[in-house]
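> One line per chain: the protein sequences are B and X, in this order.
So for the first sequence, this note's numbering puts the first residue at 4; every next one is plus one.
So for the second sequence, this note's numbering puts the first residue at 11; every next one is plus one.
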Amino acid sequence: MELPYVVVIILFCLGIYTIIMNKNLIKIVVGVNIVESSLILLLILISFKLGGTAPILDRKYELVVDPIPQALALTAIVIGGSFIAVMLALVIKIYKRYGTLNVDEIRKLRG
Amino acid sequence: MSRVHKIFRKFYKIGLVLFLAIFLLFIFDEIQNLDIKRYLSEHYISEGVQETGAINLVTSVLYDYRGFDTLGEATVILTAAATLSFMAPIKKVKMLGTEFTIIIYQTIIIIIPFLVVLGMNLIFFGHISPGGGFVGGVILAMIPILVTITYGITFSENKLKANHKSLLEGIGAIGFILLGLLGIFAGSNFLASGQANFGLGNPGELISAGLIPYLNLMIGIKVGAGLATIFNSLIKEG
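#1: Going along chain X, which residues have a C-beta under 8 Å from R30 (chain B)?
#2: Span of the alpha helix (DSSP H) holding F51 (chain B)?
#3: Can you pull the chain B residues whose beta carbon is under 8 Å from the beta carbon of P223 (chain X), in chain order?
#4: How would you label T111 (chain X), buried or exposed, when you count the other beta carbons within 10 angstroms and need 16 or more for buried?
#5: Could you check what DSSP says for T117 (chain X) in three-state terms: helix, strand or coil?
#6: Report the neighbours of F15 (chain B) on chain X: residues whose CB is nearer than 7 Å to its CB, in chain order.
#7: On the premise that V67 (chain B) lies in contact with F51 (chain B), defined as a C-beta separation below 8 Å, what is that separation, rounded to the nearest angstrom?
#8: For V67 (chain B), which three-state DSSP category applies?
#9: Is it buried or exposed for S51 (chain X), if we count other Cβ within 10 angstroms and need 16 for buried?
#10: Using a beta-carbon distance below 8 Å, is Y103 (chain B) in contact with chain X?
#11: May I have the straight-line CA-CA distance separating I43 (chain B) from L34 (chain X), to the nearest angstrom?
#12: Is the beta carbon of L88 (chain X) closer than 8 Å to that of A183 (chain X)?
#13: Could you check how far apart the C-beta atoms of M97 (chain X) and A92 (chain B) are, in whole angstroms? I think they sit under 8 Å.
#14: If we ignore side chains and look at the alpha-carbon of each, how far apart do I19 (chain B) and R19 (chain X) end up?
#15: Are any of the Cβ atoms in chain B nearer than 8 Å to that of A183 (chain X)?
#16: Using the Cβ count rule (16 or more neighbours within 10 Å means buried), how would you classify Y115 (chain X)?
#17: Who are I82 (chain B)'s beta bridge partners in DSSP?
#18: For N66 (chain X), return the contacting residues in chain B, with the cut-off set at a CB-CB distance below 8 Å.
#19: Who are the neighbours of T93 (chain X) on chain B, taking C-beta pairs under 8 Å?
#20: Taking contact to mean 3 or more Cβ pairs, one atom from each stretch, closer than 8 Å, check whether the stretch 215-226 of chain X and the stretch 60-72 of chain X are in contact.
#21: When you compare only the Cα positions, how much space is there between L72 (chain X) and T80 (chain X)?
#22: So, I149 (chain X) versus L125 (chain X), is the Cβ gap smaller than 8 Å?
#23: I'd like to know whether the C-beta atoms of V106 (chain B) and L14 (chain B) end up nearer to each other than 8 Å.
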């Protein structure tokens, strides 16, 4: 087991821990962000080859890293940015309506 | 009783996370020891430059082999920007902020032309050097964001109206689809640029790689306008 994979596991589990342990909505959004960055790190690790160059073939290279996971990582970054923006806007709306960010209090307000 | 219950719940959650960690450890151990041959990526690396005409293989995967995927991404940004624009209040909101010194106001004016050049360079050279439409679009979106932060939301909305930004975003989205339809008229599939023989040119020149530079431009316009819209809507909420 190489060290970078352990880092991915630690980041992923920290994100999940943040999501299920915290009551504050902003902290839950931060947890989702941590999980997403761990997945991007995993995609980069899958494409990595020791001694390979970046996939820009202006000369003849012997060893080139895998371009497909890098393209998928770009997709993940774009979609992550979009949904975090939408989540933050919804959090702002919830705070304006209920005056609190605590998940338990919002649940109690339902009556 | 309630306190014991709370402590039990806490340990239960920690145990769940630890269980997940051990599960992932086993899965990654399997992934590492897999002895697979990556036929697809080897094909892209050996044949990709001849088939698409783009030197940058990430761009050729993103805009030629997986063009449909990129269309989906563009739709996600469009949806996010549209949702945030719906939620943002129409009335003018006083933005939180401070008065800066004159140094910052003057420096922003000097920085903006360089940002334009950098963003356009990243967009237009996306198929022959590192970069591409998404990165260039993000750099271009930094300009309205910087103006909004320093000069305030009112000045920014006066200079670059929200309608114009959504018009630019629409041009980007519709242009991407129209360029994709060009592949059908040439007798091939939707969003085909290498297969449809659009004069691929010499790999490494600025005008080469068929439709890829134009698709890059459309995505750059779209991402820039979309991110600027998202930022201004979030600022107006607060």
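Beta carbons are placed, not taken as given, at the ideal position from N, Cα and C, and that holds for glycine.
Here the structure is a predicted model, which is why all the values come from computation and not from measurement.
This is what the structure gives:
#1: Along the first sequence, one-based indexing puts residue 30 (chain B) at 27. It should be noted that the sequence gives Lys, not Arg, for residue 30 (chain B). For K30 (chain B), there are no neighbours in chain X by C-beta distance under 8 Å, as the nearest C-beta there is about 15 Å away.
#2: Start at 1 with the first residue of the first sequence, and residue 51 (chain B) comes out as number 48. Per DSSP, F51 (chain B) belongs to no alpha helix (DSSP H) and is neither H nor E.
#3: As a first step, residue 223 (chain X) must be located in the second sequence, where it is residue number 213. Neighbours of P223 (chain X) on chain B: none; closest Cβ ~16 Å, over 8 Å.
#4: Along the second sequence, read from residue 1 onward, the residue named residue 111 (chain X) stands at position 101. Per the 10 Å Cβ criterion, exposed.
#5: Stepping through the second sequence from its first residue, residue 117 (chain X) is reached at position 107. If DSSP states are grouped into helix, strand and coil, T117 (chain X) belongs with the helices.
#6: As a working note, residue 15 (chain B) is residue 12 in the first sequence. Simply L34.
#7: As a working note, residue 51 (chain B) is residue 48 in the first sequence. As a working note, residue 67 (chain B) is residue 64 in the first sequence. The pair is not a contact, with the Cβ atoms about 12 Å apart (cut-off 8 Å).
#8: Against the first sequence, residue 67 (chain B) aligns to sequence position 64. The answer is strand: DSSP assigns V67 (chain B) an E or B state.
#9: Within the second sequence, numbered from 1, the residue matching residue 51 (chain X) stands at position 41. Buried is the call here.
#10: As a position in the first sequence, residue 103 (chain B) is number 100, starting the count at 1. In the sequence as displayed, the identity of residue 103 (chain B) is Thr instead of Tyr. At a cut-off of 8 Å between C-beta atoms, T103 (chain B) does not count as an interface residue with respect to chain X.
#11: Looking up residue 43 (chain B) in the first sequence gives position 40. Looking up residue 34 (chain X) in the second sequence gives position 24. A direct Cα-to-Cα measurement between I43 (chain B) and L34 (chain X) gives close to 16 Å.
#12: Residue mapping note: residue 183 (chain X) aligns to position 173 of the second sequence, counting from 1. Residue mapping note: residue 88 (chain X) aligns to position 78 of the second sequence, counting from 1. Yes, the Cβ-Cβ distance between A183 (chain X) and L88 (chain X) is below 8 Å.
#13: Against the second sequence, residue 97 (chain X) aligns to sequence position 87. Against the first sequence, residue 92 (chain B) aligns to sequence position 89. About 5 Å; that satisfies the 8 Å criterion.
#14: The count along the first sequence starts at 1 and reaches residue 19 (chain B) at position 16. The count along the second sequence starts at 1 and reaches residue 19 (chain X) at position 9. Using only the alpha carbons, I get a separation of about 16 Å.
#15: Against the second sequence, residue 183 (chain X) aligns to sequence position 173. A183 (chain X) does not count as touching chain B.
#16: For this step, residue 115 (chain X) is matched to residue 105 along the second sequence. Here Y115 (chain X) is exposed. Its C-beta has fewer than 16 other C-beta atoms within 10 Å.
#17: Residue numbering aside, residue 82 (chain B) sits at position 79 when the first sequence is read from its first letter. Beta-bridge pairing links I82 (chain B) to no other residue.
#18: One-based indexing of the second sequence puts residue 66 (chain X) at position 56. Neighbours of N66 (chain X) on chain B, chain order: P58 and I59.
#19: Here residue 93 (chain X) is taken as the residue at index 83 of the second sequence, counted from 1. Correct list: V89 and A92.
#20: By the C-beta criterion, the stretch 215-226 of chain X is judged to be in contact with the stretch 60-72 of chain X, since at least 3 inter-stretch pairs fall below 8 Å.
#21: Position 62 of the second sequence, counting from 1, holds the residue named residue 72 (chain X). Position 70 of the second sequence, counting from 1, holds the residue named residue 80 (chain X). Distance from the CA of L72 (chain X) to the CA of T80 (chain X), rounded to the nearest whole angstrom, comes to 6 Å.
#22: Residue 149 (chain X) sits at position 139 when you count from the first residue of the second sequence. Residue 125 (chain X) sits at position 115 when you count from the first residue of the second sequence. Between I149 (chain X) and L125 (chain X), the CB-CB gap stays under 8 Å.
#23: The residue given as residue 106 (chain B) occupies position 103 in the first sequence. The residue given as residue 14 (chain B) occupies position 11 in the first sequence. Taking 8 Å as the Cβ cut-off, V106 (chain B) and L14 (chain B) do not qualify as a contacting pair.
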